[in-house]
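> Note that the numbering used here has the sequence shown beginning at 73, numbered continuously upward. By construction, the Cβ of each residue, glycine as well, lies at the ideal position given by its N, Cα and C atoms.
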Amino acid sequence: IKENGRIVAIGECGLDYFKAEVPKDVQEKAFRLQLELAQSLKIPIIIHNRDADDDCLRIMDDYKVEAVFHCYGSSVEFARKLWYRGIYTSFTGIITYPNAEDLRKVVDEVPMDMFMVETDCPYLAPQEHRGERNEPSYVVEVVKKIAEIKEMPEKDVARISTENANEFFLRLS
Numbered sequence: 073i074k075e076n077g078r079i080v081a082i083g084e085c086g087l088d089y090f091k092a093e094v095p096k097d098v099q100e101k102a103f104r105l106q107l108e109l110a111q112s113l114k115i116p117i118i119i120h121n122r123d124a125d126d127d128c129l130r131i132m133d134d135y136k137v138e139a140v141f142h143c144y145g146s147s148v149e150f151a152r153k154l155w156y157r158g159i160y161t162s163f164t165g166i167i168t169y170p171n172a173e174d175l176r177k178v179v180d181e182v183p184m185d186m187f188m189v190e191t192d193c194p195y196l197a198p199q200e201h202r203g204e205r206n207e208p209s210y211v212v213e214v215v216k217k218i219a220e221i222k223e224m225p226e227k228d229v230a231r232i233s234t235e236n237a238n239e240f241f242l243r244l245s
């Protein structure tokens with residue numbers, strides 16, 4: 073992996089307790105192995121977290137890795153814990169849903185150097201495209217919503233999120 077040169081991160085890795093089809097102890101063991109790999113290779117990790125905030129953070133605290141919580145869907149309180157540790161949050165079309173007020177509070181508070189945007193294609197299309205297959209081009213809807221929440225130009229949100237992604241994945245900033 074290290075010699076490949078094209079691998080910039082490991083992911084998605086993490087814990088998913090939503091339906092818990094895989095026992096928690098099995099998930100934790102796999103997550104720890106993935107974190108160990110990321111740490112040993114000194115490459116970032118993309119975290120999938122569903123209904124497992126406390127366990128994700130407890131486990132991650134045992135490792136020194138750069139991380140992004142993809143498709144962020146947890147509370148602003150949990151997000152603050154991530155940002156304090158230098159962990160990014162990445163937002164999807166969920167922030168455009170009418171019932172996502174709590175998530176929009178997270179967007180409002182996110183430090184400008186700690187967020188990214190994504191689609192999670194083919195799932196979670198923005199409100200304007202609900203019921204359709206999500207597409208990479210719909211990421212612009214996520215940028216628009218962040219710009220609206222942050223009261224700033226869309227081009228600035230796009231530029232900053234790109235800089236953040238470059239810093240995280242490519243070390244270009």
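What first and last residue would you give for the beta strand (DSSP E) that runs through D88?
Here the beta strand (DSSP E) through D88 covers I82 to D88.
> Distance, Cα to Cα, S245 vs V229?
Confidence is the limiting factor: at S245 the pLDDT is only 43, short of 50, which leaves the residue's position unreliable, though a coordinate-based value still follows. Approximately 16 Å between the Cα atoms of the pair.
> Quick check on R176: buried or exposed, where buried means 16 or more other Cβ atoms within 10 Å of its Cβ?
The residue is buried, with at least 16 neighbouring Cβ atoms inside 10 Å.
> Pick from K96, L109, V179 and F103: whose alpha carbon is nearest that of V80?
Of the candidates K96, L109, V179 and F103, the one whose C-alpha sits nearest the C-alpha of V80 is L109.
> What residue from Y135, D125 and I167 has the CA that sits closest to K153's CA?
Minimum Cα distance to K153 is reached at D125.
> As an exercise, report each continuous alpha helix (DSSP H) stretch of at least 4 residues that is fully enclosed by the segment 90–155, in chain order.
Runs of the alpha helix (DSSP H) inside the segment 90–155: 96–113 and 125–132.
> Hey, I115 and A139: beta-carbon distance below 8 Å or not?
No; because the gap between Cβ atoms is not below 8 Å, this pair is not in contact.
> Locate the alpha helix (DSSP H) running through T168, then write down its first and last residues.
Unbroken run through T168: none, as it is neither H nor E.
> When we look at the beta-carbon of K217 and count the other beta-carbons within 10 Å, is it buried (16 or more) or exposed?
It is buried - the Cβ of K217 has at least 16 other Cβ atoms within 10 Å.
> Quick one: is A92 buried, meaning 16 or more other Cβ sit within 10 Å of its Cβ, or exposed?
The residue in question, A92, is exposed, as its Cβ has fewer than 16 Cβ neighbours within 10 Å.
> Starting from S209, trace the beta strand (DSSP E) in both directions and tell me its first and last residue.
Neither: S209 is in no beta strand (DSSP E) and is coded neither H nor E.
> Below 8 Å on the Cβ atoms is my contact criterion, and I expect S162 with V189 to pass it. Report the Cβ-Cβ distance as a whole number of Å.
Contact flag correct, Cβ pair sits at about 7 Å.
> Please name the residue, chosen from E75, K74, L105 and D97, that lies closest to E84 on a Cα-to-Cα basis.
Checked all of E75, K74, L105 and D97; the closest Cα to E84 is L105.
> Short check: CB of I221 to CB of L196, under 8 Å?
Result no, Cβ atoms of I221 and L196 do not sit closer than 8 Å.
> Run through the DSSP bridge pairs and tell me what Y160 is partnered with.
According to DSSP, Y160 bridges with V140.
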